[in-house]
Every structure is written in C-alpha cells, then in structure tokens.
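Read through the structure below, which is laid out as structure tokens, and then see the notes.
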Amino acid sequence: MPERQSPLTRLHRHSLSLVFGALFVAALLGQSVAGLHQLNADLHAEGFPRVSWAHYVSSSDFAVDVAENWQSEYLQFLLYVVLTVWLLQRGSPESKELGRAGTESDEAQEVGTHARADSPSWARAGGWRRAVYSNSLGAVTALVFLGSWTVQAVAGWVVLSEERLRRLQDPVSFGDYLTGADFWSRSLQNWQSEFLAVGSMAVFAIYLRQRGSPESKPVGEPHRSTGIEG
Amino acid sequence: MPGSRASAADVGPALAALALVLMGSLVLSACASSQQDDATRAADGFVAAVTDRQADRACALLAPVTREELERSSGGPCAEVVLQEAAEPGRRLGVSTFGDMAQVRYAEDVLFLSRYSEGWRVVAAGCVAQGDEPYSCGIEGR
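Residue numbers (the working numbering), protein chains in the order written: chain A, 3 to 232; chain B, 7 to 148.
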C-alpha cells in the first residue's frame with residue numbers, strides 16, 4: 003500500500019524547486035521595478051515621457067535585460083552538463099571520478115537490457131529514442147540558451163536603435179548589431195561571470211565543505227577524493 | 007513493447023508549444039506593423055500641415071519639449087515660427103520604428119518621432135545627416 007504523505011511532507015519533497023521558483027518570481031518583480039525607475043530617469047533627463055510598469059515589462063528594454071541573463075545561465079548549464087562528460091577535476095565533487103571520462107557503458111548508464119523496471123521508457127528503448135533521451139538534458143539547455151540569446155539579440159537591437167533615434171542618430175541594421183559592441187559586451191560580460199562561477203566552484207569544493215549539501219563532499223572526505231558528494 | 011511509436015500524448019505538448027510560439031510571432035509582427043503605420047500617419051500629417059501652411063496643425067503634432075524649445079529659441083509662439091523652420095520634404099522614402107521612437111525619411115527631409123500618451127509626435131524635423139553624428143535639425147527639442 004503506497005505511503006500516505008502529509009501535505010507538509012509533499013511540500014518538503016519539492017521544496018528546492020518551490021523555493022527557487024519563488025525567489026525567481028520575487029527577483030524578476032524586483033528587477034522590473036528597479037529597471038522601470040532607471041529607464042524613466044533616463045527618459046526624463048532626455049526630455050521624453052516616462053512609461054508605466056505595464057509598458058516597461060512588455061518592452062524590449064525589459065526583455066533584453068532578462069534574456070541576457072537567462073542565455074548566460076543556460077550556456078553555463080549547457081557547458082557544465084556536456085563538458086563534465088569528458089573533463090575532470092581531481093578532488094572536486096563537481097567532477098566524475100578519474101578514469102570515468104566519456105559517455106560510459108550501457109550497463110553503467112542503465113539503458114537497454116541494463117535498464118531497471120522503473121527506468122524511463124526511452125532509456126529501455128533502442129535506436130533514436132534512446133539517443134535522443136540520452137542527450138535530452140544538453141539538448142533542452144542548448145535550445146533554451148539559443149532561444150534566449152536570440153531574444154537578447156532582437157531586443158538588444160531594438161533598444162540600441164531606439165536609444166540612437168532618441169539621440170537623433172540613424173538606427174543600426176540587425177547584421178551590424180550582431181557584430182557590434184553592444185551585443186558582444188552584453189553577452190561577454192555575462193559569460194565571464196558564469197564561467198568564473200563554475201570554475202571557482204569546481205576548485206573551491208576540493209578544499210572547502212558545506213555539511214549536508216549535495217554540492218559538497220562530506221566534511222571528513224579527503225581533498226584528493228573525486229566525484230564524491232555529501 | 008520497447009521502442010513503440012511515440013503516441014499523440016508525447017508529441018501533443020511539443021506541437022502546442024510550437025503553435026503558441028508561431029502565434030506569438032504573428033501577434034508581435036502585427037503590433038510592429040501597426041506602430042509603424044501610426045508613426046507614418048503622424049509624420050505625414052505634419053508634412054501635410056507644413057505643405058498646406060497650417061501652422062496650428064503642425065504645432066499640435068510637435069512633441070511638447072520640441073514645441074517649447076522652438077518657442078524659447080525663436081522668442082515667439084510656435085504658430086508664428088514653425089513654418090519658417092520646416093520645409094516641404096518631398097516623397098516619403100522609408101520608415102523605421104524601434105520601441106517608442108520612429109524615423110521617417112523623405113526625399114528632402116528626415117523626421118524623428120516619439121510615442122506619447124496622445125499619440126506619435128514629431129521630436130525633430132528639418133534634419134540633415136552628419137555621418138554617424140546626430141542629425142543637425144532645424145526643429146528639435148534640445
């Protein structure tokens with residue numbers, strides 16, 4: 003007979019996604035308010051009318067500020083998910099154990115005839131279904147990265163051209179925008195922080211501990227242990 | 007049997023998401039086209055007022071900050087000076103709309119417009135290109 007869970011237990015078992023979902027909504031709302039005030043200060047200084055919150059959150063100004071952060075986060079996830087298949091870091095819980103680089107055997111990955119009774123159906127399947135499912139995490143993060151980078155590009159082009167028109171300059175073409183400083187400055191300033199975060203975490207976790215966290219090795223685990231999580 | 011064909015339940019959500027994205031794109035395209043039409047109408051209205059020597063109508067289509075600057079720099083009411091500063095622009099060549107700003111290019115003139123609560127208004131007129139520098143305009147708000 004299935005175990006009956008209290009509502010509190012059910013909530014706790016999904017607390018990670020619930021808490022981060024709530025933090026995301028709160029931060030996005032806060033960003034929309036702060037961004038609105040910043041834009042209106044600029045518009046007022048240039049003699050243009052202020053805009054409402056509803057106008058701002060449906061504008062390219064808001065879209066580019068959101069999208070440039072999303073694309074870098076999902077690029078970080080994409081590179082982290084894919085590169086950790088082959089790249090190793092001795093002593094880090096962020097790395098696989100030394101000697102396990104690569105996509106590993108079907109037995110280790112529990113696919114095909116090695117699948118368990120409760121494995122996902124496409125892990126038991128053969129052919130293209132297993133291939134698709136085996137790369138689904140990287141594929142989806144890649145799609146979200148490419149989609150949000152595209153939104154950043156289009157919205158950033160609109161914002162830059164709008165700013166140029168306010169200064170009585172010609173707008174730029176989309177092609178010129180993609181090869182221009184604004185697009186690459188926005189992209190690279192986000193990428194450098196993401197790459198620094200992943201790299202530094204991989205190294206910090208060799209020597210530092212956070213008791214109880216799956217992102218840390220157990221407190222008493224030696225520094226040289228690789229691929230061990232707490 | 008393992009590897010059975012994907013059911014409608016597997017592909018339905020993906021198709022629904024694709025349909026939503028396509029619909030969203032169509033809505034955004036329609037909105038962008040509508041904005042461009044509104045900006046063009048305002049620019050053409052200003053041009054027609056100048057051509058017809060309708061000073062009051064031309065002033066009503068100026069942005070408030072532009073009208074104030076015109077009156078401040080000329081020392082007289084807008085209706086007495088606007089036709090002196092504005093010239094007949096010729097045939098309309100093209101329109102660019104980005105966010106709340108628009109640029110309407112004519113054979114002999116370039117107009118810059120901004121969207122206000124009461125509609126599109128001319129921010130600058132009688133503009134001449136200066137390379138990548140800001141246009142030099144006979145009528146502008148700064």
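Even for Gly, the Cβ is constructed at its ideal location relative to N, Cα and C.
> Looking at the C-beta of A:G37, does it have a partner C-beta in chain B at a distance below 8 Å?
Replying inline: no
> By Cβ distance, which residues of its chain are closer than 7 Å to A:F64, with the 5 residues on each side in sequence left out?
Replying inline: S34, G37, Y58
> Whose Cβ in chain A lies nearer than 9 Å to the Cβ of B:S123?
Replying inline: P51
> Is it a yes or a no for the stretch 118–125 of chain A touching the stretch 103–110 of chain A, going by three-plus beta-carbon pairs under 8 Å?
Replying inline: no
> Hey, is B:Y141's beta-carbon within less than 8 Å of any beta-carbon in chain A?
Replying inline: yes
> Do we get a CB-CB distance below 8 Å when we pair B:G51 with the residues of chain A?
Replying inline: no
> Based on Cα-Cα distance, which residue from A:G182, A:V205, A:T152 lies nearest to A:G93?
Replying inline: A:V205
> Given A:Q91, which residues of its chain have a CB within under 8 Å of its CB, disregarding the five upstream and five downstream residues?
Replying inline: S97, A204, V205, I208, T228
>> Could you check if A:S123 belongs to the surroundings of the ligand PLP, using beta carbon to heavy atom distance under 7 Å?
In response: Summarising the ligand content, the structure contains no ligands, and the ligand PLP is consequently not present.
>> Please confirm whether A:Q171 has its beta-carbon closer than 8 Å to some beta-carbon of chain B.
In response: yes
> Quick one, which of A:W151, A:F197, A:E231, A:D184 has its alpha-carbon nearest A:Q212's?
Replying inline: A:E231
> When burial is assigned at 16 or more other CB atoms within 10 Å of the CB, is A:Q40 buried or exposed?
Replying inline: exposed
>> Can you tell me whether B:L67 is helix, strand or coil according to DSSP?
In response: coil
> Taking C-beta to C-beta, are B:V129 and B:L119 nearer than 8 Å?
Replying inline: yes
>> At 4 residues or longer, what runs of the alpha helix (DSSP H) sit wholly inside the stretch 173–215 of chain A?
In response: 176–180, 183–209
>> Please confirm whether A:E164 has its beta-carbon closer than 8 Å to some beta-carbon of chain B.
In response: yes
>> In the DSSP output, what is B:Q136 paired with across the bridge?
In response: B:E139
>> Looking at the secondary structure, which residues open and close the beta strand (DSSP E) in which A:T105 lies?
In response: Run containing A:T105: none; DSSP gives neither H nor E here.
> To the nearest angstrom, how far is it from the Cα of A:Q73 to the Cα of A:D178?
Replying inline: 21 Å
> Distance, Cα to Cα, A:G32 vs A:H46?
Replying inline: 21 Å
> In chain order, what residues of the same chain have a beta carbon less than 7 Å from the beta carbon of A:V161, not counting five sequence neighbours either side?
Replying inline: S62, D63, V66
> First and last residue of the alpha helix (DSSP H) that includes A:G128?
Replying inline: From DSSP, A:G128 is part of no alpha helix (DSSP H); its letter is neither H nor E.
>> Would B:L68 and B:A55 qualify as a contact pair, given that the criterion is a beta-carbon distance under 8 Å?
In response: no
> How is the beta strand (DSSP E) around B:F187 delimited, first residue to last?
Replying inline: Residue 187 of chain B lies beyond the residue range present for chain B, which begins at 7 and ends at 148; the question has no answer from this structure.
>> Quick check: is the beta carbon of A:S97 nearer than 8 Å to any beta carbon in chain B?
In response: no
> Looking at the C-beta of A:L167, does it have a partner C-beta in chain B at a distance below 8 Å?
Replying inline: yes
> Given that a residue counts as buried once 16 or more other Cβ atoms are within 10 Å of its Cβ, and exposed if not, what is B:A131?
Replying inline: buried
> Using the beta-carbon of each residue, which ones in chain A are nearer than 8 Å to B:Q109?
Replying inline: L167, D172, P173
> Which of helix, strand or coil does DSSP assign to B:E2?
Replying inline: Given that chain B is displayed from residue 7 to residue 148, the structure contains no residue 2 of chain B and the question cannot be resolved.
>> Taking only three categories from DSSP, how would you classify B:E146?
In response: strand
>> Counting only Cβ pairs nearer than 8 Å, list the residues of chain A close to B:G144.
In response: Here the premise fails: no neighbours, minimum Cβ distance about 12 Å.
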